[in-house]
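Just so you know, the sequence shown maps onto residues 1 to 289 in the UniProt record's numbering.
Cβ coordinates follow ideal geometry from the N, Cα and C atoms, glycine included.
Treat the numbers as computed from the prediction; the structure is a model and nothing was measured.
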Amino acid sequence: MPMELRRSVRLHGSMMEKTMVDVLGPRLAAALVTLALLTGPTAGDPQTTGDLLEDARIIVTSDKDDVRLWAHPPRILVLHNEPAVVEVMRDIYQEVEEAVSSPFGDRFLGELIFASVPEGLGDGDAPMKIRMARGGPSGAEVRVALSPEMDLRTDIVVVVADRPTVAMLNGLWGVERKYTRRQMERARGGCFYEANSLNGVKFGAYIAIATPVGRDHLRLCVREEFLQVLGPLQDADGSPFFSFNNHLEASAEQESNDIALIRALYESGAGPGGSPDVVIDYLETLSTE
């Protein structure tokens, strides 16, 4: 069975795809790499169907035939120079951890670590890295080495920082310049994610949120992008059922449906690369509870 390596990039909204080569290099993964760039809403966005379950199918599959999930409790590193993100991230982490029955054992989510962006980032002679490396439960993990004192390993990197810092860290991760430019051009701090997967298994993700932003917008960005890297791939444009459209006025019902979708992805038994039908059937059961 051929291995398929996908890299998904999301910056609010619709999807375009093109092929890339060697996210990890030929020794770490195989030949086909798909880059999915999601920009602001366009005429090509997948539109809401007006039905909760069919909107969920759009969000989960991105018109593919499988689902992409973590195969172990993903570790999270929050790299920031914005103190407000600490409480925001802890709240969302706890919300997800308490809601989802883990298929991995005692915990659904792995270790959550907060680290300040090193002062004078880039001023020294030491090389800096935010890149995929061998290791971790899945065989590949994210290495974050930004100073002689900081050399960390994790699965999900969440960057919340001022625009120049985000632009530099985007470059270390390998975000294409035009995507960073779009993020920097936004009047409010732009937020987006990238996630890698191989044969349905997620194994490395990067979230970038540019500050300053208001607390409500910060919460929205962190919550949405974090939920996205757990499994959902995109939104159904204008969906009244889910909050993945970055609407500040998201309702409690939409946010509840977001969590139900994460539950369905991991509690249904579909597993990485599994059938979206299994997930949707389980979500239907949850929606009647």
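* Beta-carbon spacing of Ala56, Arg215 below 7 Å -> Against a cut-off of 7 Å, the Cβ pair of Arg215 and Ala56 comes out as no contact.
Select from Leu227, Val142, Ala99, Glu249 the residue whose C-alpha is nearest the C-alpha of Ile59. Leu227
If I measure Cβ to Cβ from Gln254 and keep anything under 6 Å in the same chain, skipping five residues before and after, which residues do I get?
Phe242, Ser243
Query raised in the report: With C-beta atoms as the reference, is Val278 less than 7 Å away from Ile207?
Result: Contact: no.
Problem set entry | Bridge-paired residues (DSSP) for Met150 | Ser147
Practice item. Less than 8 Å between the CB atoms is what I'm expecting for Leu198 and Pro232, so what's the real figure, rounded? Key: So it is not a contact: roughly 18 Å between Cβ atoms.
> Relative to the C-alpha of Leu169, which residue among Gly190, Arg186, Met150, Leu146 is closest?
Replying inline: Leu146
Starting from His80, follow the beta strand (DSSP E) in both directions and report where the run begins and ends.
76 to 80
What did DSSP end up calling Lys64 once you bin it into helix, strand or coil? coil
With DSSP as the reference, label Leu109 as helix, strand or coil.
-> coil
Handout entry: Short CB-CB distance (under 7 Å) between Ser102 and chain D
Key = Here chain D cannot be found, since the structure has a single protein chain.
Exercise. Using three-state DSSP, classify Leu69 as helix, strand or coil.
Key: strand
- Task: Go ahead and pull the three-state DSSP assignment for Phe226.
- Result: Of the three classes helix, strand and coil, the one that applies to Phe226 here is helix, per DSSP.
Handout entry: CB of Leu172 within 7 Å of CB of Met128, strictly
Key = yes
* Asked: Which whole-angstrom value is the C-beta distance of Val222 and Ile92, which I expect to be below 8 Å?
  -> 6 Å
request  = For Gly273, name the three-state secondary structure that DSSP assigns.
outcome  = It is coil, neither helix nor strand.
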